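Read through the structure below, which is laid out as C-alpha cells, and then see the notes.
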Amino acid sequence: MSKILLIAEHDGAVLNPSTAKTVACAAQIEGAEIDVVVLAESAAEVAAEAATLDSVNRVLTVENQANKHALAAVLAPQIVALAAGYSHVFGPSTTFGKDVMPHVAALLGVNQISDIMSVEGTHTFKRPIYAGNAVVTMEAPTDVPVVATVRIASYRAIGAGNSAAIESADISVELPTHTRFIELQVGSSDRPDLQTAARVISGGRALASVENFDLIYSLADKLGAGVGATRAAVDAGYVPNEMQVGQTGKIIAPDLYIAIGISGAIQHLTGIKDAGTIVAINKDEEAPIFEVADIGLVGDLFNVVPELTEALG
Amino acid sequence: MDKILVGLKRVVDYNVRVRVKSDGSGVETDGVKMSINPFDEIALEEALRIKEKGHATEVIVVSIGGSEAQQQLRTGLAMGADRAILIQTAESVDALSGARALLEIVNRENPGLVILGKQAIDDDNCQTGQMLAALWGQAQAAFASQLDLDGDKMRVVREVDNGLQTIEVDLPAVVTADLRLNEPRYVKLPDIMKAKKKPLDEIPLADLGIDACPQINISLFEPPAERQKGVMVDDVQGLIAALKDKGLV
Ligand SMILES: Cc1cc2nc3c(=O)[nH]c(=O)nc-3n(C[C@H](O)[C@H](O)[C@H](O)COP(=O)(O)OP(=O)(O)OC[C@H]3O[C@@H](n4cnc5c(N)ncnc54)[C@H](O)[C@@H]3O)c2cc1C
Ligand SMILES: Nc1ncnc2c1ncn2[C@@H]1O[C@H](COP(=O)(O)O)[C@@H](O)[C@H]1O
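Sequence lines, in order, name chains A and B. Mapping of the first sequence onto my numbering: residues 1 to 313, in sequence order. Mapping of the second sequence onto my numbering: residues 314 to 562, in sequence order.
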C-alpha cells in the first residue's frame, strides 16, 4: 500500500483547484491511501471542501495562528512532523508547492521529484526537463519517502462526491520566527483564473502598450476567457506578473488557447503544450508559434482582433 | 553585511533547442553553447548592486560542476564578483547534494546573504535554494522580484501565482531570484582581462564529505509528444469557421 500525505493549497477560506488535480495524480498510484492535510489558522471550511474530493481517505487539520499565511519555513517542519509513516508526500507544482516542498524534502533528507506529469509505478514517474524539450523517467528509492510536486496542467481535477473523515492532527514542533508575512497584493481581476479557465487568450510584446491590451480583454470577455501574456509583455509593464504563461510563469492546459502577437519562444510554448486547441494570430508567417498552432492566421492583430471580437458578438 | 554568496550553474544556453539522444541516454550537449543559468546572472547582478550600495563588502560566486564551469565563474568575476569557488565533480549533482555542498561553503564563509537562481533551466528543478535554507535553518525568500535591506532584516517581494507577496526575513537568509529582480549588466572587455587575476579556488566535492551519487535514478530520456501540424486560415471568417468546426465557439 502507498500511504500518501498530500498538502492542501488554500487561502484560508477556499481550497485552491491545484489540490483536486494533485489528488488526481496521487490517486493513480497503486494502492493509494490519500490523507490531505490542511495547515491553517482555522481549517474547518477548507477541510470540509477537501473532504468532498474523491479518493481522499482522511482530511487532517493542523490549526495554528502561525499558519495564517503560507510561509514555507513555518509549514515545512509541521509537514515533516506528520510525514512519519507515509510513503509519499505530495504537493502541487504551484508557487506555493514549489516554495514549501523542497524545504520539506531537505528536512527529511531526501531529494524531490518536481513536476510529475505521469505516474508509471509507485516509485516511477515522468517529468519534463529543459523547458519541456525532454521528458525523463525517474525512479525514486523505495526505502525513503517520495517527496514530489505535481504538474497540475497534466491532470484534470478529481471529482467531488466524497465525504471523507476530518480529524485534527496533534503535533508539537518548534516553529521558526525568522520569516514574517507583510502583505499580499492580489491581482484584481474578475476574469476566469488562468490555471483553471477552459479558454485563455494571451497577448505578447506586439500589443505594445497597456491600453492596447484592452483588445485582448475585450475578446476574452466575449469568450468568457482568462487572460495571459508572455514574459516580454509582463517585463514591458503591459500586464502584471501573475499573467505570465510559460517555463517560469504558469503552465496551463485550457481547451482553447489563442496566442496573439506572440512569437512562440520555447519558454512560452512549454506553458501551453497541454492546451486542447492552439490558435495563433501573428503578422509574421515565419513565427515559430505557427509550428505548434492547430489554427493559424497571418495578419495584423490590430485589424484581426477587433474584427474577431465584433464577429463573435 | 560582510559577504554575499551567489550560485552560478553552467547550463545549456537558453536559446539552444535541446534534443534528446536517439538512444534515450541523455540530451545532446556536444558542441552546444553553454552559459550561466539566466536566473543566476540575475542573482549575481543583485549581489553586485547590494555591494555597490555599500551594504556588503565581498561577492563570492560558487559553481558545482566540472572544470569547464571555470568559464562561467570567470564571466561572473568579469561581471564584478570578487572571488570564485569551484566545487569540482565530474558527476552530475542532484539538488540535495548541491544544497549540502553549498551549506559547507556557507559554513566556511559565513555570508550574510545567499542568492541563487529560482531554477536551473536544464533540470528545471526549482529546489536548491529552498533546500539550502532548510539545511541551514535560516529564512528563505524564493522567487524574489525586489529586495530591500534594512540592517539585519530584509523585505522581499515575491512573485506568487496570485500576485505579489511581501515578507520580512531575518538575515542571514537564502533568496532565489525571479526574472524581474533586475536586468543583468553586460560584461566589458577590460573587465574580462581583470577577471583573470581574481582568485578562483577549486575544492573537490569529495573533500566536502558529500557523495554525488544521486538517490533518484533517471532511467530514460524521451522527446516530448509532438503536436500535429495544424491548418492555416485566410481571414477572420475562416478562423471562426474552423473554431465552430471544433465546437469551440
Ligand atoms: C530563463 C528564461 C525564462 C523565460 N520564461 C518565459 C516564460 O515563462 N514565458 C514567456 O512567455 N517567455 C519567457 N521567456 C522569454 C522568451 O524567451 C521570449 O523572449 C518571450 O516569450 C517573447 O515574448 P513575445 O512573443 O511576446 O515577444 P516577441 O518574441 O518579440 O514576439 C512578438 C511577436 O509579435 C508579432 N507581431 C508584431 N506586431 C504584430 C502585429 N501588429 N500583429 C500581429 N503580430 C505582430 C511578431 O511577428 C512576433 O512574432 C523566458 C526567457 C528566459 C531567458
Ligand atoms: N551545480 C550548481 N552550481 C551552482 N549553483 C547551482 C548548481 N545547481 C543549482 N544551483 C543554484 O540553485 C538554483 C536552483 O537550481 P535548481 O534547484 O536545480 O533548479 C540555480 O539557479 C543556482 O543558483
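Backbone N, C-alpha and C fix where the C-beta goes; we use that ideal spot for every residue, glycine too. Please read these numbers as outputs of a predicted model, since none were measured by experiment.
Item	Value
Using CA coordinates, which residue listed in A:Gly132, A:Ile216, A:Val14 and A:Arg180 is at the minimum distance from A:Phe302?	A:Ile216
Cα separation between B:Glu535 and B:Gly450?	38 Å
What residues in the segment 477-489 of chain B have a beta carbon less than 7 Å from any beta carbon of chain A?	Leu477, Gln478, Thr479, Ile480, Glu481, Val482 and Asp483
In chain A, what lies closer than 7 Å to B:Ala543 by C-beta?	At residue 543 of chain B the sequence reads Gly, which differs from the Ala that was named. Within chain A, the residues near B:Gly543 are Ala293, Asp294, Ile295 and Gly296.
Any residue with its C-beta under 5 Å from a non-hydrogen atom of ligand 1 counts. Can you list them all in chain order?	A:Gly204, A:Arg205, A:Ala206, A:Thr230, A:Arg231, A:Ala232, A:Gly246, A:Gln247, A:Thr248, A:Gly249, A:Gly261, A:Ile262, A:Ser263, A:Ala265, A:Gln267, A:His268, A:Asn282, A:Lys283, A:Asp284, A:Ala287, A:Asp300, A:Leu301, B:Tyr327 and B:Pro351
For a contact meaning CB atoms closer than 8 Å, what does B:Arg330 contact in chain A?	Asn133 and Ile266
Just checking: is the beta-carbon of A:Tyr255 within a distance shorter than 8 Å of some beta-carbon in chain B?	Reading off the sequence shown, one finds Asp at residue 255 of chain A, where the question assumed Tyr. Taking Cβ atoms only, chain B reaches closer than 8 Å to A:Asp255, which makes this a yes.
Check the Cβ-Cβ distances between A:Thr317 and every residue of chain B, and say whether any is below 8 Å.	What is shown of chain A runs 1 to 313, which leaves residue 317 of chain A out entirely.
Name the residue from B:Leu409, B:Val473, B:Met506 and B:Leu521 whose alpha carbon lies nearest to the alpha carbon of A:Leu71.	B:Val473
So the candidates are A:Gln185, A:Thr309, A:Ile260 and A:Ala27; which of them puts its Cα closest to the Cα of A:Val89?	A:Ala27
What residue range does the beta strand (DSSP E) around A:Thr196 cover?	Element bounds for A:Thr196: n/a, residue is neither H nor E.
Residues of the segment 159-184 of chain A with a CB closer than 9 Å to any CB of chain B: list them in chain order, please.	Pro176, Thr177, His178, Thr179, Arg180, Phe181, Ile182, Glu183 and Leu184
So, with DSSP's three-state summary, where would you put A:Met309?	The displayed chain sequence assigns Thr, not Met, to residue 309 of chain A. Note: A:Thr309 maps to helix in three-state DSSP.
So which residues of chain A does B:Leu448 contact, with C-beta pairs closer than 7 Å?	Ala106
May I ask you to list the residues that DSSP assigns as paired with A:Asn282?	A:Val298
So, for A:Leu219: in the same chain, excluding its five sequence neighbours on each side, which residues have a beta-carbon less than 7 Å away from its beta-carbon?	Ile201, Val305, Leu308 and Thr309
Counting pairs of Cβ atoms below 8 Å between the segment 155-171 of chain A and the segment 451-463 of chain B, do you hit three or more?	no
Quick one: is B:Leu318 near chain A, going by C-beta distance under 8 Å?	no
Hey, would you say A:Ala51 sits closer than 8 Å to A:Ala169, going by beta carbons?	no
Tell me where the beta strand (DSSP E) around A:Pro128 begins and ends.	Thr124 to Ile129
Under the DSSP definition of a beta bridge, which residues are partnered with B:Asn530?	A:Glu139
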